[in-house]
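Participant:
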Amino acid sequence: MEPSPVKTRAQELHIPVLQPATLRNSAAIGEFSELKPDIVIVVAYGRLLPAGVLELPRFGCLNLHPSLLPRHRGPSPVPGAILNGDDTTGVTLMLLDEGMDTGPVIAQRTRNIFPSDDAESLTNELFRDGADLLGVALPGWVSGDMPARPQDDALATHTSKMERADGLADWSRSAEYLWRQQRAFKPWPGLHTAWGGKEIKLLEVSPLPGGSVEPGTVVRTDTDRLAVGTGEGLLAVHRLQLEGRRPADASDFVRGYPDFVGARLG
Numbered sequence: 053m054e055p056s057p058v059k060t061r062a063q064e065l066h067i068p069v070l071q072p073a074t075l076r077n078s079a080a081i082g083e084f085s086e087l088k089p090d091i092v093i094v095v096a097y098g099r100l101l102p103a104g105v106l107e108l109p110r111f112g113c114l115n116l117h118p119s120l121l122p123r124h125r126g127p128s129p130v131p132g133a134i135l136n137g138d139d140t141t142g143v144t145l146m147l148l149d150e151g152m153d154t155g156p157v158i159a160q161r162t163r164n165i166f167p168s169d170d171a172e173s174l175t176n177e178l179f180r181d182g183a184d185l186l187g188v189a190l191p192g193w194v195s196g197d198m199p200a201r202p203q204d205d206a207l208a209t210h211t212s213k214m215e216r217a218d219g220l221a222d223w224s225r226s227a228e229y230l231w232r233q234q235r236a237f238k239p240w241p242g243l244h245t246a247w248g249g250k251e252i253k254l255l256e257v258s259p260l261p262g263g264s265v266e267p268g269t270v271v272r273t274d275t276d277r278l279a280v281g282t283g284e285g286l287l288a289v290h291r292l293q294l295e296g297r298r299p300a301d302a303s304d305f306v307r308g309y310p311d312f313v314g315a316r317l318g
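Note that our numbering has the sequence shown beginning at 53, numbered continuously upward.
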């Protein structure tokens, strides 16, 4: 067990760190109220705050959420945006209420989603944007010059908590979707399949247009690329990892397992 970077930095600055197991009891709320906060900033907390906490600070509890609310409410907004094929996403500064990401919006900042983005890298960029947005918007919120506006619930979309099964490759899907799936679920649960009773993680992939190959069948393309047939197009595999082995480039993997070409993945 190691402290998070936030806790480590707080300790370096001699800032008290409280880590209650829950805020849904009178003892925790009492300890929190003794701080007499003017404002509370919530980032990646993962739990709903009870009314007793929401009502404490004079300027409310504000939350940085890595999507353009009301799109992608819930616990997995960055994977949701990539998996959905969105061209843009962003970060939202909102006033918390008792719902799941339903509070009014104070400010937003937009960012393009590039083909090179994955959930890990995009999350880091969005929270950098969020930290900057917070510094810009907070004075206006406190002064009353930047009021919050209600979300349009009719435009809301929702994400769910990620599970390991979310990363299982369904070869009847298109190569484009599987490529987005691999990026959306990096680093966990990743994109994975099975061969010979063992799991294979597909660490780097890209979609190839055309090609008529039985879904799940491993082939070599005319350009000597390793690829897998899908419901639409081919999925090029650049880097992969067999269960119990180290990650390997596709060419090195095939040299070690020549019978992989022609195999049918589960």
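Just so it is clear, CB atoms sit at the ideal spot from N, CA and C, and this is done for glycine as well.
#1: What are the uninterrupted segments assigned as beta strand (DSSP E) that are 3 or more residues long and contained completely in the stretch 199-252, given in chain order?
#2: Pull up the distance between the alpha-carbon of residue 125 and that of residue 141, whole angstroms please.
#3: Can you tell which of 229, 211, 247 has its C-alpha closest to the C-alpha of residue 261?
#4: Do residue 242 and residue 259 come within 7 angstroms of each other at the CB atom, strictly closer than that value?
#5: Grab me the residues of residue 279's own chain with a C-beta within less than 8 angstroms of its C-beta, minus the 5 sequence neighbours each way, in chain order.
#6: Can you round the beta-carbon distance between residue 317 and residue 247 to whole angstroms, since I take them to be within the 8 angstroms contact cut?
#7: On the DSSP bridge assignment, give the partners of residue 146 in chain order.
#8: Between residue 122 and residue 207, which are expected to be in contact by the criterion C-beta below 8 angstroms, what is the C-beta distance as a whole number of angstroms?
#9: With three or more beta-carbon pairs closer than 8 angstroms as the criterion, would you say the stretch 87-99 touches the stretch 162-171?
#10: Look up residue 83 in the DSSP assignment and give the residues it is bridged to.
#11: Once the 5 residues before and after residue 216 are set aside, which same chain residues still bring their CB inside 7 angstroms of it?
#12: If you draw a straight line from the alpha carbon of residue 95 to that of residue 127, how long is it in whole angstroms?
Facilitator: Per the coordinate set shown:
#1: 244-247
#2: 12 angstroms
#3: 229
#4: no
#5: 260, 263, 265, 270, 271, 272, 273, 286, 287, 288, 289
#6: Sure, about 6 angstroms apart at Cβ, within 8 angstroms.
#7: 115, 157
#8: 5 angstroms
#9: no
#10: In DSSP, residue 83 forms no bridge with anything.
#11: Taken in chain order, the residues that qualify are 241.
#12: 12 angstroms
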